[in-house]
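Number of protein chains: 4
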Amino acid sequence: MSTVSPASAALIDELVAGNRILFHEKVVDGFGHISVRHDKDPTKFLLSRHRAPGLVTAEDLVTHDFDGNPLDNRDGSRLYGERFIHGEIYRARPEVMSVVHCHAPQLIPFGATRTALRPLYHMSGFLAEGVPIFEIREAAGMTDMLIRSSALGVALARSLGDKPMVLMRGHGATMVGVSIAQAVYRSIYAALNAALQMEAMRLGEPIYLEREEGRLAMLINDGAVDRAWALWRQEAMGK
Amino acid sequence: MSTVSPASAALIDELVAGNRILFHEKVVDGFGHISVRHDKDPTKFLLSRHRAPGLVTAEDLVTHDFDGNPLDNRDGSRLYGERFIHGEIYRARPEVMSVVHCHAPQLIPFGATRTALRPLYHMSGFLAEGVPIFEIREAAGMTDMLIRSSALGVALARSLGDKPMVLMRGHGATMVGVSIAQAVYRSIYAALNAALQMEAMRLGEPIYLEREEGRLAMLINDGAVDRAWALWRQEAMGK
Amino acid sequence: MSTVSPASAALIDELVAGNRILFHEKVVDGFGHISVRHDKDPTKFLLSRHRAPGLVTAEDLVTHDFDGNPLDNRDGSRLYGERFIHGEIYRARPEVMSVVHCHAPQLIPFGATRTALRPLYHMSGFLAEGVPIFEIREAAGMTDMLIRSSALGVALARSLGDKPMVLMRGHGATMVGVSIAQAVYRSIYAALNAALQMEAMRLGEPIYLEREEGRLAMLINDGAVDRAWALWRQEAMGK
Amino acid sequence: MSTVSPASAALIDELVAGNRILFHEKVVDGFGHISVRHDKDPTKFLLSRHRAPGLVTAEDLVTHDFDGNPLDNRDGSRLYGERFIHGEIYRARPEVMSVVHCHAPQLIPFGATRTALRPLYHMSGFLAEGVPIFEIREAAGMTDMLIRSSALGVALARSLGDKPMVLMRGHGATMVGVSIAQAVYRSIYAALNAALQMEAMRLGEPIYLEREEGRLAMLINDGAVDRAWALWRQEAMGK
Numbered sequence: 028m029s030t031v032s033p034a035s036a037a038l039i040d041e042l043v044a045g046n047r048i049l050f051h052e053k054v055v056d057g058f059g060h061i062s063v064r065h066d067k068d069p070t071k072f073l074l075s076r077h078r079a080p081g082l083v084t085a086e087d088l089v090t091h092d093f094d095g096n097p098l099d100n101r102d103g104s105r106l107y108g109e110r111f112i113h114g115e116i117y118r119a120r121p122e123v124m125s126v127v128h129c130h131a132p133q134l135i136p137f138g139a140t141r142t143a144l145r146p147l148y149h150m151s152g153f154l155a156e157g158v159p160i161f162e163i164r165e166a167a168g169m170t171d172m173l174i175r176s177s178a179l180g181v182a183l184a185r186s187l188g189d190k191p192m193v194l195m196r197g198h199g200a201t202m203v204g205v206s207i208a209q210a211v212y213r214s215i216y217a218a219l220n221a222a223l224q225m226e227a228m229r230l231g232e233p234i235y236l237e238r239e240e241g242r243l244a245m246l247i248n249d250g251a252v253d254r255a256w257a258l259w260r261q262e263a264m265g266k
Numbered sequence: 028m029s030t031v032s033p034a035s036a037a038l039i040d041e042l043v044a045g046n047r048i049l050f051h052e053k054v055v056d057g058f059g060h061i062s063v064r065h066d067k068d069p070t071k072f073l074l075s076r077h078r079a080p081g082l083v084t085a086e087d088l089v090t091h092d093f094d095g096n097p098l099d100n101r102d103g104s105r106l107y108g109e110r111f112i113h114g115e116i117y118r119a120r121p122e123v124m125s126v127v128h129c130h131a132p133q134l135i136p137f138g139a140t141r142t143a144l145r146p147l148y149h150m151s152g153f154l155a156e157g158v159p160i161f162e163i164r165e166a167a168g169m170t171d172m173l174i175r176s177s178a179l180g181v182a183l184a185r186s187l188g189d190k191p192m193v194l195m196r197g198h199g200a201t202m203v204g205v206s207i208a209q210a211v212y213r214s215i216y217a218a219l220n221a222a223l224q225m226e227a228m229r230l231g232e233p234i235y236l237e238r239e240e241g242r243l244a245m246l247i248n249d250g251a252v253d254r255a256w257a258l259w260r261q262e263a264m265g266k
Numbered sequence: 028m029s030t031v032s033p034a035s036a037a038l039i040d041e042l043v044a045g046n047r048i049l050f051h052e053k054v055v056d057g058f059g060h061i062s063v064r065h066d067k068d069p070t071k072f073l074l075s076r077h078r079a080p081g082l083v084t085a086e087d088l089v090t091h092d093f094d095g096n097p098l099d100n101r102d103g104s105r106l107y108g109e110r111f112i113h114g115e116i117y118r119a120r121p122e123v124m125s126v127v128h129c130h131a132p133q134l135i136p137f138g139a140t141r142t143a144l145r146p147l148y149h150m151s152g153f154l155a156e157g158v159p160i161f162e163i164r165e166a167a168g169m170t171d172m173l174i175r176s177s178a179l180g181v182a183l184a185r186s187l188g189d190k191p192m193v194l195m196r197g198h199g200a201t202m203v204g205v206s207i208a209q210a211v212y213r214s215i216y217a218a219l220n221a222a223l224q225m226e227a228m229r230l231g232e233p234i235y236l237e238r239e240e241g242r243l244a245m246l247i248n249d250g251a252v253d254r255a256w257a258l259w260r261q262e263a264m265g266k
Numbered sequence: 028m029s030t031v032s033p034a035s036a037a038l039i040d041e042l043v044a045g046n047r048i049l050f051h052e053k054v055v056d057g058f059g060h061i062s063v064r065h066d067k068d069p070t071k072f073l074l075s076r077h078r079a080p081g082l083v084t085a086e087d088l089v090t091h092d093f094d095g096n097p098l099d100n101r102d103g104s105r106l107y108g109e110r111f112i113h114g115e116i117y118r119a120r121p122e123v124m125s126v127v128h129c130h131a132p133q134l135i136p137f138g139a140t141r142t143a144l145r146p147l148y149h150m151s152g153f154l155a156e157g158v159p160i161f162e163i164r165e166a167a168g169m170t171d172m173l174i175r176s177s178a179l180g181v182a183l184a185r186s187l188g189d190k191p192m193v194l195m196r197g198h199g200a201t202m203v204g205v206s207i208a209q210a211v212y213r214s215i216y217a218a219l220n221a222a223l224q225m226e227a228m229r230l231g232e233p234i235y236l237e238r239e240e241g242r243l244a245m246l247i248n249d250g251a252v253d254r255a256w257a258l259w260r261q262e263a264m265g266k
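Chains as they are written, first to last, in the numbering used here: chain E, 28 to 266; chain U, 28 to 266; chain H, 28 to 266; chain S, 28 to 266.
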């Protein structure tokens with residue numbers, strides 16, 4: 028067991044809130060997870076042990092290295108099988124501070140039909156950056172669909188590239204952000220945009236945001252995430 | 028800081044309720060806002076500072092002039108970037124007493140596909156007046172989609188014209204009313220009608236309300252909004 | 028003011044519960060209503076005054092005659108404008124003991140497109156009896172869509188005929204039952220069937236229940252409504 | 028009245044939780060039921076008396092034999108008319124420890140249109156085993172659609188065969204599991220997959236999980252059901 032400085036109380040508090048918010052906003056159900064890069068050591072990240080996000084408390088958080096090894100899992104608790112998603116993305120993307128992995132229902136049809144997820148309105152302007160789709164068959168043939176090794180984590184991180192999110196065919200999606208709040212925001216509005224896009228496509232060919240509109244909307248909205256976070260937190264945690 | 032008479036307690040109470048109701052009825056989420064024309068000075072309006080509507084209290088309300096300047100924002104709180112929507116509509120429409128701006132999910136597909144929103148039933152008879160669609164590209168080319176200046180507010184108000192609401196492509200919608208209750212009613216039933224219209228269009232060509240049916244239904248329903256308001260208030264605020 | 032025997036406490040309690048259940052189960056929102064035939068005088072019925080069903084208490088109930096006149100509205104409270112729906116159906120259908128009028132969202136598209144509502148599963152077997160659609164234009168041309176006179180009530184009751192429910196184009200639906208529980212049951216499952224039928228029709232041509240299957244399912248389910256009522260009541264009223 | 032050893036307290040507690048969870052997760056409403064094979068006598072099973080699953084307590088559980096006879100129904104309470112579903116499946120499938128029967132709305136359109144329910148993502152990998160559709164007309168012609176005899180129970184069990192679930196045309200579905208948790212998991216994710224599949228089919232031809240992907244995903248997910256169960260239980264029962 029290596030020695031690792033404890034993360035700041037504020038970061039831990041925010042990660043617990045992120046877990047609860049993702050559940051309350053229906054981005055995750057009993058499955059899915061959110062992590063944050065350690066604020067004292069950028070080569071580590073914090074992630075709950077094997078627990079539904081809606082139940083996560085500060086006591087459940089475990090520090091992991093990029094290979095998915097736990098560093099302070101004193102009681103040997105079971106860990107998330109897919110912790111490699113987080114490790115390999117933090118390794119590949121130094122600017123990323125938080126990673127969400129989810130099976131949000133609205134996103135599954137897009138992965139399964141390879142329909143491009145595109146921004147229907149300013150709230151999801153970040154989608155204008157492009158949304159790749161990860162096909163695990165290309166990386167490993169017939170599998171249980173899960174990212175349970177560093178090798179698959181690397182393949183997923185490569186598919187994600189420099190984008191805000193990646194769809195995973197037959198599985199779900201993974202979003203990244205420069206903060207927990209941004210990763211949560213992107214998860215919520217990617218799912219909402221997916222629902223709206225499915226509706227709009229049945230009415231006719233939608234006018235999507237242009238790349239430039241999406242980029243400008245993303246910049247301005249990133250500066251207002253605190254307004255939504257205060258509400259999400261109140262709704263999910265009562266404080 | 029100019030001197031401005033305080034609005035009546037009843038008006039403030041109603042505006043707070045309007046904020047909470049719009050959130051509880053899912054017309055707004057962390058974003059969107061509602062204002063009311065000042066009852067002591069018709070050249071001013073009340074609007075919350077930069078806060079999610081579901082969290083707004085009387086202490087958050089700020090008096091603005093039509094140019095979007097705050098008149099009693101004593102602590103220099105951040106304001107809504109889109110307060111110009113409200114100011115320019117109050118300037119252009121003297122009979123309007125309340126304005127709602129929202130991103131109600133059911134309305135986004137109509138803006139994005141330029142599908143006419145039409146009244147499917149008597150509850151949304153006001154839609155028979157016609158629902159224009161504002162295209163910000165015509166006013167300003169590539170933007171962040173937001174109404175963050177008086178010039179864009181003027182363009183939006185012109186698009187709204189003398190109608191009860193305007194759809195905003197890639198953004199949301201703005202509704203007006205002769206009272207807070209009417210603006211809230213129109214927001215709720217415009218969104219509900221949109222959901223029903225999407226369903227109905229898949230079953231076949233709907234029979235919409237005729238202009239005259241819509242007008243007559245609007246008049247009679249406007250006289251019964253108090254019945255719904257009492258319920259909405261109880262549900263959103265417990266009183 | 029005529030003298031009218033008070034209805035039994037049990038009937039009043041059940042009617043209040045019916046109001047609350049219809050709201051909790053989203054059959055009604057701020058609008059819509061439910062009545063019951065008076066158990067001491069079959070030429071009268073009980074209906075709330077002008078109040079959202081979700082807020083109705085025993086104190087709100089008013090005894091009406093079939094012409095829609097209130098008999099014990101001591102304080103002259105405002106009444107529902109559409110009380111004539113109830114009066115004329117009780118007059119035309121002696122076996123009917125309860126009437127629900129609603130704008131359940133799932134039913135509106137069927138009225139607006141004249142799509143036949145048909146039973147997709149045993150829970151809504153009563154739909155196999157046939158669901159007429161009332162077109163107010165045939166009765167009265169351009170209107171506010173509402174049944175605000177005995178003449179329109181008569182036209183609606185004629186359209187209903189001997190069926191369990193009638194759709195009203197551009198307005199909503201009206202269901203009847205031999206008890207409050209049956210009328211509530213029919214309201215809930217008519218709306219649910221409508222939602223399922225819209226989904227099923229997009230997958231292909233559904234196999235609907237045959238008339239005989241529907242009739243047999245209706246008979247057996249009518250004997251089990253108490254199981255659902257106990258749950259609905261607990262959910263809506265906590266008792 | 029035969030003598031029957033009482034089931035273990037843990038099993039009773041889990042079956043009550045299963046009832047409440049199925050209601051909270053909207054797999055059942057006032058109707059539907061879940062049973063468990065008796066842990067002291069594999070020729071018996073536990074099932075609530077005639078009660079909505081959302082209201083079931085330990086006092087409601089009755090031990091039944093495979094013919095549907097109650098063994099400890101001391102007060103002669105009314106039983107579920109469809110208890111034969113459970114008895115005949117336990118008789119035909121010795122490895123099955125729990126059976127769920129439901130009318131989950133998302134599953135009805137698949138039964139009614141004979142659309143194959145197929146796994147869109149790893150959470151519902153068990154669907155790759157194949158989902159038969161039971162047509163009661165083939166077994167018994169015109170009926171009330173219900174499984175109210177051992178003969179119909181046998182026909183249903185034959186249609187189920189060795190699969191995890193069977194759709195019932197015009198009625199609902201029945202799922203089985205090697206534990207209460209697995210049967211509940213399959214019920215929840217079969218319904219969710221159905222909703223997603225309907226959406227995906229409108230976007231284009233979905234890529235479903237291959238048989239092998241489904242099998243591998245099923246195996247790995249079966250080992251993580253406890254993570255979801257802890258959440259479901261907390262949400263449904265507060266403990």
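Here a beta-carbon is modelled for each residue, glycine too, at the ideal position from N, C-alpha and C.
Quantities reported herein were computed from a predicted structural model and do not represent experimental measurements.
When C-beta distances to chain S are compared with 7 Å, the residues of the segment 168-181 of chain E below that value are M169, T170, D171, M172, L173, in chain order. When the Cα atoms are used, U/T84 and U/L74 turn out to be separated by approximately 11 Å. Using beta-carbon distances, S/R47 does not count as an interface residue toward chain H, since no partner is under 8 Å. When secondary structure is reduced to three states using DSSP, U/T140 falls in the helix class. By the Cβ rule, the segment 191-201 of chain U counts as touching the segment 129-143 of chain U, because three or more pairs are nearer than 8 Å. With contacts defined by Cβ atoms closer than 8 Å, E/M245 and E/V127 do not form a contacting pair. The Cβ atoms of U/P121 and U/F153 lie no closer than 8 Å to each other. Taking the Cα of E/A79 as reference, the smallest distance to any Cα among E/V54, E/F111, E/G231 is reached at E/V54.
Under a criterion of Cβ atoms nearer than 7 Å, the residues of chain S adjacent to H/A244 are, in order, D171, M172. Pairwise C-beta distances place the segment 90-110 of chain S out of contact with the segment 148-162 of chain S, as fewer than three of them are shorter than 8 Å.
Judged by DSSP in its simplified three-state form, S/H77 adopts coil rather than helix or strand. Under the DSSP definition of a beta bridge, S/S125 partners with S/V63, S/G204. In this structure the segment 168-180 of chain H lies against the segment 237-252 of chain U, because at least three pairs of beta carbons, one per stretch, are closer than 8 Å.
Residues are counted here when their Cβ sits less than 8 Å from a Cβ of chain H; for the segment 211-232 of chain S these are M225, M228, R229, given in chain order. From the beta-carbon of S/T201, no residue of chain H is found nearer than 9 Å; the closest lies around 14 Å away. Pairwise C-beta distances place the segment 172-179 of chain U out of contact with the segment 204-211 of chain U, as fewer than three of them are shorter than 8 Å. Following the DSSP letters along the chain, one finds S/L194 inside the beta strand (DSSP E) bounded by residues 192-195.
Proximity of E/H128 to chain S, defined by a Cβ-Cβ separation below 8 Å, is not satisfied.
Contact between the segment 33-51 of chain U and the segment 56-76 of chain E is absent, with fewer than three C-beta pairs closer than 8 Å. Cβ contact annotation for U/A227 (same chain, cutoff 7 Å, sequence separation greater than five): L147, P233, in chain order. H/T90 counts as buried, since no fewer than 16 other beta carbons sit within 10 angstroms of its beta carbon. Comparing alpha-carbon positions, the option among H/H77, H/L134, H/K71, H/M150 lying closest to H/G250 turns out to be H/M150. In the structure shown, the three-state DSSP call for U/P132 is helix. Using a Cβ-Cβ cut-off of 8 Å, U/E237 is close to M169 of chain H, given in chain order.
S/Q261 sits away from E/L187, with the two beta carbons spaced by 8 Å or more. Classified as exposed, E/M264 has fewer than 16 neighbouring CB atoms from the shown chains inside 10 Å of its CB.
By the 16-neighbour rule on beta-carbons within 10 angstroms, E/E165 is exposed. Residues of chain E whose Cβ lies closer than 9 Å to the Cβ of S/E41 do not exist; the shortest such Cβ separation is about 17 Å.
Straight across, the Cα-Cα distance linking S/H113 with S/G180 is about 8 Å. Using a Cβ-Cβ cut-off of 8 Å, E/H91 does not count as an interface residue toward chain S, since no Cβ of chain S sits closer than that to its own. Taking C-beta atoms as the reference points, H/R76 and H/D87 count as a pair closer than 8 Å.
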